[in-house]
Amino acid sequence: MDAGFSFSREALDPAALARLLADDSCGALVTFDGRVRDHNEGRRVLRLEYEGYEALAVKEGGRVLDEALARFAIVQARCVHRLGPLALGEVAVWVGVSAHHRGDAFAACRYIIDEVKDRVPIWKKEFYADGDSGWINCEVRQA
Amino acid sequence: MARVRVEYFALLREHTGRGAEEVHTQAATARALFSELDARYGFPRLPSLKLAINDEFRDWDSPVADGDTIVFIPPVAGG
């Protein structure tokens, strides 16, 4: 069983990443590209930056993948996350899952991206068209 | 007195103006260490804050020992 969570400071190549999961026993390959979006909560986003606590993030990301391999009938799972400055449209995070059948491949891919976003110590700073910027999820909302 | 390394990420890194520092502390727990540093820096209010010691998530009541690396983890936003 092969699994891995890793970071990249270079542009991701989803087609090349998907080839790493090639396996003749697998009828399903489900991949997810998380891309840099040009808006968030009504504000126009120009670019963003990711920062990671890499030592812990690689461990926690690996645990997410191990959980997916234990919970779902899948063969391989990988996740790669970008760090540093990103432009609109770039792939910020890639998840790939191979499985004998599609059902668990879809479910595992969804599980991995949801858990990575929720648990892995990575931070996103958005830069807006109005000149402002902010770290996502770090604002204290006024009641 | 323990000598620990504290690392800062994201808005805490920007707020303190440093990625890491060595801290000499009397604090017995991570919570007490955070209070000491908060008194020095006046950290921004956050919706939540987690803790890591030596690259593993830990409870705020965990003891702080000489040589530990401590990280305060603001709300994450990968993906």
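Taken in order, these protein sequences are the chains called P and S.
For the first sequence, the numbering used here puts the final residue at 173, and the numbers step up evenly by one.
For the second sequence, the numbering used here puts the final residue at 189, and the numbers step up evenly by one.
Glycine included, each C-beta is placed from N, C-alpha and C at the ideal position.
- Per DSSP, the beta bridge partners of Tyr80 of chain P are P:Gly114 and P:Lys154.
- Neighbours of Arg168 of chain S in chain P, taken as residues whose beta carbon is under 9 angstroms from its own, are absent, since the nearest beta carbon is some 11 angstroms off.
- In terms of Cα proximity to Leu95 of chain P, the closest of P:Ser163, P:Ile143 and P:Gly119 is P:Ile143.
- The beta carbon of Thr179 of chain S sits closer than 6 angstroms to those of Arg115 and Asn164, all from its chain and outside the five residues before and after it, given in chain order.
- Taking C-beta atoms under 8 angstroms as the contact rule, Val150 of chain P and Cys139 of chain P fail to qualify, at a distance of about 16 angstroms.
- At a C-beta separation below 8 angstroms, Ala85 of chain P has these neighbours in chain S: Asp165.
- Proximity of chain S to Trp124 of chain P at the Cβ level (cut-off 9 angstroms) is not reached, the minimal Cβ distance being about 10 angstroms.
- Taking a contact to require three or more Cβ pairs closer than 8 angstroms, the stretch 104 to 118 of chain P and the stretch 115 to 129 of chain S do not qualify as touching.
- For a cut-off of 8 angstroms, the C-beta gap from Leu159 of chain S to Trp165 of chain P is around 13 angstroms, too long to register as a contact.
- Proximity of Ile183 of chain S to chain P, defined by a Cβ-Cβ separation below 8 angstroms, is satisfied.
- DSSP places Ser128 of chain P outside any alpha helix (DSSP H); the residue lies instead in the beta strand (DSSP E), whose first and last residues are Val121 to Ala129.
- By the Cβ test, the stretch 76 to 94 of chain P is not in contact with the stretch 42 to 50 of chain P, since fewer than three Cβ pairs between them sit closer than 8 angstroms.
- Ala103 of chain P sits exposed, since fewer than 16 C-beta atoms from the chains shown fall within 10 Å of its C-beta.
- With its beta carbon at least 8 angstroms from every one in chain S, Cys139 of chain P lies outside the interface.
- Relative to Glu124 of chain S, the option among P:Trp153, P:Tyr158 and P:Val66 whose CA is nearest is P:Trp153.
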